[in-house]
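Residue numbers (my numbering): 1 to 91. No residue lacks a Cβ here, since even glycine has one placed at the ideal position from N, Cα and C.
Given below as structure tokens:
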């Protein structure tokens with residue numbers, strides 16, 4: 001059984017996007033998805049519990065968007081890397 005090197009939290013308001021990311025990342029033996037959130041507020045609640053190494057966050061979400069979520073995540077969990085994703089060409 002492979003050793004997990006990185007744990008990942010998925011944050012996107014679209015379940016289909018989270019599902020697609022989960023399916024793709026499941027192919028990587030050194031990654032483990034430790035949680036999913038549908039918005040920034042839910043992600044902030046999950047981070048202390050799942051302690052991800054990396055958070056993949058959508059930039060455009062209702063409520064707390066990816067930019068605000070990233071700022072809050074960096075303040076609360078400075079060792080957690082954040083990768084902001086977008087489907088928009090100009091983001």
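Rounded Cβ spacing between residue i and residue j (contact assumed at less than 8 Å)
{"i": "residue 73", "j": "residue 27", "result": "Not really, about 26 Å apart at Cβ, beyond 8 Å."}
Buried versus exposed, by CB contacts within 10 Å (16 or more), residue i
{"i": "residue 3", "result": "exposed"}
{"i": "residue 78", "result": "exposed"}
{"i": "residue 30", "result": "exposed"}
{"i": "residue 52", "result": "buried"}
{"i": "residue 61", "result": "buried"}
Range covered by the beta strand (DSSP E) that runs through residue i
{"i": "residue 35", "result": "31-37"}
{"i": "residue 59", "result": "Residue 59 -> no beta strand (DSSP E), and no H or E assigned at all."}
{"i": "residue 81", "result": "81-85"}
{"i": "residue 3", "result": "Where residue 3 is concerned, there is no enclosing beta strand (DSSP E), given that its DSSP letter is neither H nor E."}
Test item: CB-CB of residue i and residue j under 7 Å
{"i": "residue 36", "j": "residue 10", "result": "yes"}
{"i": "residue 22", "j": "residue 33", "result": "yes"}
{"i": "residue 66", "j": "residue 54", "result": "no"}
{"i": "residue 40", "j": "residue 81", "result": "no"}
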